[in-house]
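When you line the sequence shown up against the numbering used here, it's residues 1061 to 1291, in that order. Have a look at the structure below before the remarks.
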Amino acid sequence: DDEDEEVGALKSQIRNVKQDTLESTRNALRKLAETEDSAATSMNMLQEQSGQIANVGRNLDLSKAYSDRAATQANELKQLNRSIFIPVVKNPFNRSKREQRELEALQRDQAEHMEERDRIRQYEYESNARMEEARRNNSRLGGQEAPRRGRTESDRNRYQFEADSEDDQIEDEIDNNLDLIGGAAARLKNMAITMNQEITSQNGQLDRLNSQVDPLTQRLAQTTHKLNKTR
């Protein structure tokens, strides 16, 4: 009788441990699902931010073009204003060279703007491609291609005192939950790597934009000062 009681107590202990393990895997899956949702939201926000940064770059490039045009017109206005009081006679023999220099300067500016627009398009394309690749990888990790490891029959028998249908069902759910936890961890790792790459890319683009703002501000200040002096 004492031996039967000891066996019964051991069975009960094993059953309780398995129930606790099962509940732990269920809780882990719920927490991982919440974390995945938060990570997916963060990825969407990062993708939107990259689009906004690209738009800022386009507007900044456009502002530079308008600033260059305003500076050129300010110089012309200054010369016209001066010619009213002091006639300016340009050397006709230097006209072709002067026009050539102006054409070359215009071509350089145009090439710089085209290069900047291409760089912005490439930045935006790489950002979108990076996010789409991460989503495809996550779909693959969560679909039929996801690995289903489980345990071997011998491994399961080590933790089954007297196997029955209820015990097999618990073991099956634990195995399945562990596989799902592994898949969720892999997806979170994939999203974390992608978000780190995206943030690094955004920081690089922001540094480039910041380096362009100061020269543009100085150019606008110089043009404004020049216009004020021509009044």
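Here a beta-carbon is modelled for each residue, glycine too, at the ideal position from N, C-alpha and C.
Endpoints, alpha helix (DSSP H) assigned at residue i
{"i": "Asp1274", "result": "Ser1225 to Lys1289"}
Contact under 9 Å by Cβ, residue i with residue j
{"i": "Gln1272", "j": "Ile1113", "result": "no"}
{"i": "Tyr1183", "j": "Ser1261", "result": "yes"}
{"i": "Asp1121", "j": "Glu1193", "result": "no"}
{"i": "Asp1178", "j": "Ala1125", "result": "no"}
{"i": "Leu1276", "j": "Ser1123", "result": "yes"}
{"i": "Leu1163", "j": "Leu1287", "result": "no"}
{"i": "Met1191", "j": "Gln1109", "result": "no"}
{"i": "Arg1268", "j": "Ser1127", "result": "no"}
{"i": "Glu1231", "j": "Lys1078", "result": "yes"}
{"i": "Leu1070", "j": "Ile1234", "result": "no"}
{"i": "Arg1086", "j": "Asp1227", "result": "no"}
{"i": "Ala1244", "j": "Glu1063", "result": "no"}
{"i": "Ile1180", "j": "Gly1242", "result": "no"}
Exposed unless 16 or more other CB atoms sit within 10 angstroms - verdict on residue i
{"i": "Thr1101", "result": "exposed"}
{"i": "Arg1292", "result": "In the structure as shown, the chain starts at 1061 and stops at 1291, and residue 1292 therefore has no counterpart that could be examined."}
{"i": "Thr1254", "result": "buried"}
{"i": "Lys1157", "result": "exposed"}
{"i": "Glu1258", "result": "buried"}
{"i": "Met1174", "result": "exposed"}
{"i": "Gly1068", "result": "exposed"}
{"i": "Met1251", "result": "buried"}
{"i": "Ser1072", "result": "exposed"}
{"i": "Leu1201", "result": "buried"}
{"i": "Asn1104", "result": "exposed"}
{"i": "Ala1099", "result": "buried"}
{"i": "Asn1270", "result": "exposed"}
{"i": "Asn1198", "result": "buried"}
{"i": "Gln1204", "result": "Unreliable positioning characterises Gln1204 in this predicted model, as indicated by a pLDDT of 49, which lies under 50. The coordinate reading is nonetheless provided below. Looking at its Cβ environment, which holds fewer than 16 other Cβ atoms inside 10 Å, Gln1204 is exposed."}
{"i": "His1285", "result": "exposed"}
Whole-angstrom C-beta distance between residue j and residue i, which should lie under 8 Å
{"i": "Thr1283", "j": "Ala1134", "result": "5 Å"}
{"i": "Leu1089", "j": "Asn1237", "result": "6 Å"}
heavy atom of the ligand NAD below 8 Å from residue i C-beta
{"i": "Ala1194", "result": "Judged by which ligands are present, the structure shown has none, so any question about the ligand NAD falls away."}
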